[in-house]
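Just so you know, the protein sequences line up as chains U and F, in that order. Counting in the working numbering, the first sequence runs from 1 upward without gaps. Counting in the working numbering, the second sequence runs from 260 upward without gaps. The beta carbon of each residue, even a glycine, is placed where N, CA and C say it ideally should be. The block underneath contains the structure these notes are about, expressed in structure tokens.
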Amino acid sequence: MTTTEPVLRAEAIDVVLGGLRILTGVSLSVQPGEVVALLGANGSGKSTLVRASLGIIPVAAGQVQLFGAPLGRGTAWSRIGYVPQRKPVHTGVPATALEVVRAGLLSPGRWRPASRARAMAALERMGMADRAHQPVQEMSGGQHQRVLIARALVREPDLLLLDEPTTGIDLGTIDAFVDTIDAMRRTGTAVAVVLHETEAFSALLDRAVVLRHGRVVHNGAPPVARAEHARPAHEHTHAHPEPEETSGALEFDLIGDEE
Amino acid sequence: MIDLLSSPLMQRALLAALLVGATAPIIGTYLVQRRLALLGDGIGHIALTGVAAGWLAGSLAGLATPESLALPGAVIVAVLGSVGIEWVRARGRITGDVAMAILFYGGIAGGVLLIKVAGGTSANLMNYLFGSIATVSGTDLMWTAALTGLVLLVGLGLRPLLFAVSHDEEFARASGLPVQLLTSLLAALAALAVTVSMRVVGLLLVSALMIVPVATAQAITRSFARTMTLASVVGAVVSVVGLVLTYWYDLPPGATIVVLAILLYAATTMAQQRRRRPDPSVDPHPDLRDDVRVGEGA
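Next comes the structure, spelled out in structure tokens:
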């Protein structure tokens, strides 16, 4: 771990939504160039942690700092890229992939959308340039997801927050996406990514934070690559937040499958 | 035709219809995008309370024509009401449909109640409920031009931001955009569009002029920008054509415009469906590579 100032630092945050305590005393920090996986079961608070870190939902206690400044007016929004969990595409007014990606560059200091060239370059990175003029409403889930990633990449962010970015995407595109993340990480971009399947990202992950019922239960080594786990003769010998029976699957996934 | 254009009354009415018809769908595009298509209707209802409140204020102030304060009253109450509802909705205290229901019923009841207190009758409200474009005065036209100008300036000038917040509110929040301010602004613009359309189609039908052209446009277009442009053109055309029809036939203008818009919508969607009838022999994704190999090496 480096001693540089973390890009994202959430300190002992509590989040209460609709009278339910979703997060309790959760801390998370991400250094420049570090890739951190957020793991845990459905409802464990992974997405909530990401959303609270960006001020999308308020924190009841604790503090979030982005680039060394408390979340608020002074936040360097233009340096942050966010890929939300994909929601089913509604049947509203059609919006093309290009229109969606161009809107990705807006921030309090910038009211003009990204130039077409810049947006096209981001779509190109996700292999979606040929569908730039197609409405996202007509796209498959995976294609739409790639547009959402391109929308975050168009900012060329120094902090990238991804909420299950690879859901529904075919393996070839995931590889291209992982390569893009790898290149960004090498230039110092900090990445926090909510995952259910760590396999595709395993080569990139520096650290894993595992949440359970809104608390951090593990903060350290990421799960070992699945290839090794999948071998029939594999036996678990490494540290484990709560050792349980193994069935040959990734143990962090077992946590995810628990409920 | 020359006869039609030489009447100053008709000139004013046509100009008002053109301005309102072109402007209302622009705000309507954002509302459809936010899935708040019925918000205009809710605002229309609460504007009725504003009309009656303006009337009451006028009669309390001892004005000779208390009705002259009806439009300012409608503007103020509609803007306050719509921004208030947006504010409450954003805090999750109330869901969108319940908020809308309260606007609908409270607005009508408040209007009927206040107009009685002001010494009028429900009949006085009819002009506002169903429109009275045939009686547009020079002052009315100036108001219409000023308000549509304001709505166009803000609605088009801030289009990137309003699009972002309407398309994906969560992402807009994560971009640091002032989401609450922008959604309140949009609600206020909708309120202005409603009150300015009130004379043309009436408060009960005002939402139709905001929404139906958008529905017609999006049956054809594939982008947000084009939908907005085409919706505006459709709105302007049906408003002017509808009004012209009432010059030759004894028809109520507001209802004629709305029926025309709906007929155009029906024709457009039917034509589109005919054109897009699926052909099972065509691969829907010809450009996608196959990533599963079937039956090889067996």
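- Message: Would you call the stretch 81-95 of chain U in contact with the stretch 137-148 of chain U, where contact means no fewer than 3 C-beta pairs closer than 8 angstroms?
- Response: yes
Under 8 angstroms by beta carbon: chain F residues contacting Leu54/U: Arg432 and Ala433
**Prompt:** When the Cα of Arg28/U is compared with those of Leu49/U, Gly40/U, Ala121/U and Leu17/U, which residue comes out closest?
**Reply:** Correcting the residue identity first, residue 28/U is Leu in this sequence and not Arg. Leu28/U has its Cα closest to that of Leu49/U, out of Leu49/U, Gly40/U, Ala121/U and Leu17/U.
Practice problem: Just the C-alpha distance for Thr407/F and Ala200/U, rounded to the nearest angstrom, thanks. | Solution: 53 angstroms
request  = Locate the alpha helix (DSSP H) running through Val395/F, then write down its first and last residues.
outcome  = Here Val395/F belongs to no alpha helix (DSSP H), and DSSP marks it neither H nor E.
- Does DSSP classify Pro331/F as helix, strand or coil? helix
Check: Which of helix, strand or coil does DSSP assign to Tyr203/F?
Finding: What the structure shows of chain F is the stretch from 260 to 557, and residue 203/F is not part of that stretch, so it cannot be assessed.
| Local conformation of Leu618/F per DSSP, three classes | Within the shown structure, residues of chain F are numbered from 260 to 557, placing residue 618/F beyond reach of any answer.
- Item | Partner residues on chain F for Thr96/U, Cβ-Cβ distance less than 8 angstroms | Arg481, Ser482 and Phe483
Report task. Determine the burial state of Glu99/U: buried for a count of at least 16 other Cβ atoms within 10 Å of its Cβ, exposed for fewer. Result -> buried
Requested in this report: Apply the 10 Å Cβ neighbour rule to Met385/F and answer buried if 16 or more other Cβ atoms are within range, or exposed otherwise.
Outcome: exposed
**Item:** Pairwise C-alpha distance: Thr480/F and Ile521/F
**Value:** 18 angstroms
Which runs of the alpha helix (DSSP H) at least 4 residues long sit entirely within the stretch 416-497 of chain F? Give them in chain order.
418-426, 428-433, 438-460 and 465-477
- Query: Three-state secondary structure (DSSP) at His196/U?
  - Reply: coil
Does Ala103/U come within less than 7 angstroms of chain C when only Cβ atoms are used?
-> Of the protein chains in the structure, U and F, none is chain C.
Report task. Would you mind telling me which residues of chain F sit closer than 9 angstroms to Ser107/U, beta carbon to beta carbon, in chain order? Result -> Ser434, Gly435 and Leu436
* Asked: Any idea if Ala433/F is buried or exposed, counting beta-carbon neighbours within 10 angstroms, 16 or more meaning buried?
  -> buried
Next on the checklist: In the DSSP output, which residue or residues are listed as bridge partners for Gly220/U?
Outcome noted: Ala208/U
* Once you ignore the five residues that flank Phe389/F on each side, which residues in its own chain have a CB closer than 6 angstroms to its CB? -> Gly461 and Gly513
Cβ-Cβ distance between Val64/U and Ala121/U below 7 angstroms:
no
- Query: For Glu5/U, does the count of other Cβ atoms within 10 angstroms reach 16, so buried, or fall short, so exposed?
  - Reply: exposed
Discussion item. Can you find the residues in the same chain that come closer than 7 angstroms, C-beta to C-beta, to Arg125/U, ignoring five residues on each side of it along the sequence?
Written reply: Ala150, Leu153 and Thr180
- Query: So is Arg350/F buried or exposed if we call it buried at 16+ other beta carbons inside 10 Å?
  - Reply: exposed
- Spatial neighbours of Gly25/U within its chain, please: CB distance less than 6 angstroms, with the 5 preceding and 5 following residues excluded, ordered by chain position. Ala12
Discussion item. What residue range does the alpha helix (DSSP H) around Glu156/U cover?
Written reply: Element bounds for Glu156/U: n/a, residue is neither H nor E.
* Asked: Residues in its own chain within less than 7 angstroms of Leu315/F by CB, not counting five upstream and five downstream?
  -> Leu373, Val376 and Ala377
Within the 7 angstroms Cβ cut-off, does Gln477/F reach chain U?
yes
Beta-carbon proximity of Ser491/F to Pro331/F, cut-off 7 angstroms | no
Closest by CA to Val224/U, which one among Val216/U, Ser202/U and Gly214/U?
Ser202/U
Option in Val336/F, Trp346/F, Val518/F and Ser266/F with minimal Cα separation from Val453/F: Val336/F
Using a Cβ-Cβ distance under 7 angstroms, would Gln531/F count as near chain U?
no
> What in chain U is Cβ-close to Ala423/F, meaning under 7 angstroms?
Replying inline: Ala103 and Leu106
- Query: CB-CB under 8 angstroms to Leu322/F, same chain, minus the five flanking residues each way: which ones, in chain order?
  - Reply: Leu328
Review point. Do Trp111/U and Leu412/F come within 7 angstroms of each other at the CB atom, strictly closer than that value?
Key: no
So, does the stretch 154-169 of chain U touch the stretch 179-197 of chain U, judging by three or more C-beta pairs under 8 angstroms? yes
| query | Whose Cβ in chain F lies nearer than 7 angstroms to the Cβ of Pro113/U? | reply | Pro419
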